[in-house]
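Chemist:
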Ligand code: SF4
Ligand code: SF4
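Numbering (the numbering used here), first residue to last: 1 to 97.
Dropping the structure here:
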């Protein structure tokens, strides 16, 4: 069982409030509904948010059919977040065999 939160290594969604310099600056994101590994924390507003000294982590992940998912938590050491059809997805998602 990992004791450290999985980190967001980088994120392509530069239009998200929490994105600065392709890094995520909220404390923790939530990934997914059960069907798609989208970043559920993504949102847009006029001003940027988050804290620049924070490197975001994966607080919870609902995508149970990912290889890295254990008890609805992410066990990957870090994830890449990519953009896909106008939203942000976990690019580290790996379907179970
Ligand atoms: S990981 Fe999610 S919350 Fe963080 S910057 Fe990317 S889209 Fe926004
Ligand atoms: S790697 Fe898998 S378990 Fe981790 S956040 Fe992405 S979809 Fe969820």
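Note that CB positions come from ideal geometry on N, CA and C, so glycine has one too.
All figures in this text were calculated on a predicted structure; none of them were measured in a lab.
Around ligand 1, which residues pass a check of Cβ closer than 6 angstroms to any of its heavy atoms?
Modeler: The set, ordered by position in the chain, is 8, 11, 13, 16, 18, 19, 24, 26, 29, 39, 41, 42, 56, 81 and 88.
Chemist: I'd like to know whether the C-beta atoms of residue 88 and residue 28 end up nearer to each other than 8 angstroms.
Modeler: No, the pair does not count as a contact, with Cβ atoms beyond the cut-off.
Chemist: Identify every residue that forms a DSSP beta bridge with residue 19.
Modeler: Answer is 24, bridged to residue 19.
Chemist: For residue 88, report the span of its beta strand (DSSP E) as first-last.
Modeler: That run of the beta strand (DSSP E) goes 87-90.
Chemist: Verify the contact flag: residue 92, CB atom, against every heavy atom of ligand 2, threshold strictly below 7 angstroms.
Modeler: Answer for residue 92: yes, Cβ within range of ligand 2.
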